[in-house]
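Student:
Shown next, in the form of structure tokens:
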């Protein structure tokens, strides 16, 4: 049974006068993650302490922790530096030809759009963009546009501008019905919204670490479905090859790769600073449990929805959005520099598309929400006026 977690603010370095409601932009670092990173930076001054075994152990630890987070197996996990890298792996392995199409969402995050546009140009395929539905029901809108010509469904778990959610289980079922690949950018949900790859069954699922995974920048994970684990990597590094643990035999070149999705690992995956930081962050998330995180953050966004309604501000209703993010609809009267004005009052949110995106985490308090609306009253004329 899920439980609402108490305030975890003491685990972060956030001053009392800061209302940081912007985890979807970039998460603050946990104190423990910072400490691990500082220790790792110092360790590079003593390279004689870094053994060949160290090139492999942390990689496998991170792989196992991420697999636990998504309900999958470690053999399906690759270590990557960015979402665009993971999407490049997907586009290098998913077949696409003229007459077929790739389904994406309107105003979807670019990292899961640009790679497919480029592939479509090369192959003569079409990009089908699903318009934003007036009722916020992305799932029905996507299912209506997936047909026998669809080769790829490239979508997020929730829309990055307002938190409106997409049912990945139903979407995956429909994709498999027509023989399409399901490629998911889970960056704006993974770590704060439950996801089980055994239910979703994605062909490729990518997530950056620096948002809801509370990890470092330039680090991320790729989960690969079983049908694509023996595909073609986009780079050819030594450490992903079979037997690479034996440094003395690296000159005995081999065409064989390590097992599972390891062939897709980025070169220098053993990053001796970022990898330990990502591990520490994943351990904390697993300790809290994603179900508990989701329930706890839902309390904040439900409260934000209630306060927004009092001001006549439209939001995505709770039934149609993830619990960790909410978009407040901005009318034409909203100042263009609204986010900057709020920041001057130490209230931090983002403007994305037509929404003021509010994305709390466990370091937030009820007072942070009060400060947000105190500022909004001063800077945004209520729509009801």
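In the numbering used here, the protein residues as written are 700 to 1084. In this text, a Cβ means the ideal position worked out from N, Cα and C, and glycines have one as well.
Go ahead and pull the three-state DSSP assignment for residue 999.
Tutor: Mapped onto the chain shown, residue 999 falls at position 300. If DSSP states are grouped into helix, strand and coil, residue 999 belongs with the helices.
Student: Is DSSP giving residue 852 helix, strand or coil here?
Tutor: For the purposes of this step, residue 852 is taken as residue 153 along the chain shown, with counting starting at 1. When DSSP states are grouped into helix, strand and coil, residue 852 belongs to the strand group.
Student: Which same chain residues end up closer than 7 Å to residue 805 when comparing Cβ atoms and leaving out the 5 residues on each side of it in sequence?
Tutor: Position 106 of the chain shown holds residue 805. The answer, listed in chain order, is 828, 829, 830 and 831.
Student: Helix, strand or coil for residue 825, going by three-state DSSP, please let me know.
Tutor: As a position in the chain shown, residue 825 is number 126, starting the count at 1. Reduced to three states, the DSSP call for residue 825 is strand.
Student: Throw me the rounded Cβ distance for the residue 955 and residue 941 pair, which I believe falls under 8 Å.
Tutor: Counted from its first residue, the chain shown places residue 955 at position 256. Counted from its first residue, the chain shown places residue 941 at position 242. Yes, they are in contact, since the Cβ atoms of residue 955 and residue 941 sit about 4 Å apart, within 8 Å.
Student: By Cβ distance, which residues of its chain are closer than 8 Å to residue 926, with the 5 residues on each side in sequence left out?
Tutor: Counting from 1 along the chain shown, the entry for residue 926 is found at position 227. Leaving aside the five residues that flank residue 926 on each side, the residues in its chain whose CB is nearer than 8 Å to its CB run, in chain order, 902.
Student: How many Å lie between residue 819 and residue 750 at the Cα?
Tutor: Here residue 819 corresponds to residue number 120 of the chain shown, with the count starting at 1. Here residue 750 corresponds to residue number 51 of the chain shown, with the count starting at 1. Computed Cα separation, rounded: 45 Å.
Student: DSSP puts residue 800 in a beta bridge; with which residues?
Tutor: Locating residue 800 in the chain shown gives position 101, where the first residue counts as 1. Looking at the DSSP assignment, residue 800 forms a beta bridge with 825 and 849.
Student: With 16 as the cutoff for other CB atoms within 10 Å, does residue 700 come out buried or exposed?
Tutor: Translated into positions along the chain shown, residue 700 becomes position 1. Looking at its Cβ environment, which holds fewer than 16 other Cβ atoms inside 10 Å, residue 700 is exposed.
Student: Helix, strand or coil, according to DSSP, for residue 716 in the structure here?
Tutor: As a first step, residue 716 is located in the chain shown; it is residue number 17 there, counting from the start. Note: residue 716 maps to coil in three-state DSSP.
Student: Can you grab the Cα-Cα spacing for the pair residue 887 / residue 725, in whole Å?
Tutor: One-based indexing of the chain shown puts residue 887 at position 188. One-based indexing of the chain shown puts residue 725 at position 26. The alpha-carbon atoms of residue 887 and residue 725 are separated by roughly 10 Å.
Student: I need the DSSP call for residue 755, collapsed to helix, strand or coil.
Tutor: Residue 755 sits at position 56 when you count from the first residue of the chain shown. Note: residue 755 maps to helix in three-state DSSP.
Student: Is it buried or exposed for residue 780, if we count other Cβ within 10 angstroms and need 16 for buried?
Tutor: Residue numbering aside, residue 780 sits at position 81 when the chain shown is read from its first letter. Per the 10 Å Cβ criterion, buried.
Student: Tell me which residue opens and which closes the beta strand (DSSP E) that residue 906 is part of.
Tutor: In the chain shown, counting from the first residue as 1, residue 906 sits at position 207. That run of the beta strand (DSSP E) goes 903-907.
Student: By a C-beta neighbour count over all protein chains shown, 10 Å radius and 16 as the cutoff for buried, is residue 776 buried or exposed?
Tutor: Within the chain shown, residue 776 is the residue found at index 77, counting from 1. Classification of residue 776: buried, given that the 10 Å Cβ count is 16 or more.
Student: Please classify residue 1083: does DSSP put it in a helix, a strand, or coil?
Tutor: Taking the chain shown and counting its residues from 1, one reaches residue 1083 at position 384. In this prediction, residue 1083 scores a pLDDT of 43, lower than 50, which makes its location untrustworthy; no coordinate-derived value is stated.
Student: On the criterion of 16 or more Cβ atoms from any shown chain inside 10 Å, does residue 897 qualify as buried, or is it exposed?
Tutor: Here residue 897 refers to the residue found at position 198 of the chain shown. By the neighbour-count criterion, in which 16 or more other beta carbons inside 10 Å mark a residue as buried, residue 897 falls on the exposed side.
Student: Would you kindly work out how many angstroms separate the C-alpha atoms of residue 1082 and residue 1041, rounded to a whole number?
Tutor: Position 383 of the chain shown, counting from 1, holds the residue named residue 1082. Position 342 of the chain shown, counting from 1, holds the residue named residue 1041. The predicted model places residue 1082 with a pLDDT of 45, which falls under 50 and marks its position as unreliable, so this point remains unresolved.
Student: Within 10 Å of its beta-carbon, does residue 884 have 16 or more other beta-carbons around it, so buried, or fewer, so exposed?
Tutor: Taking the first residue of the chain shown as position 1, residue 884 is located at position 185. So residue 884 counts as buried.
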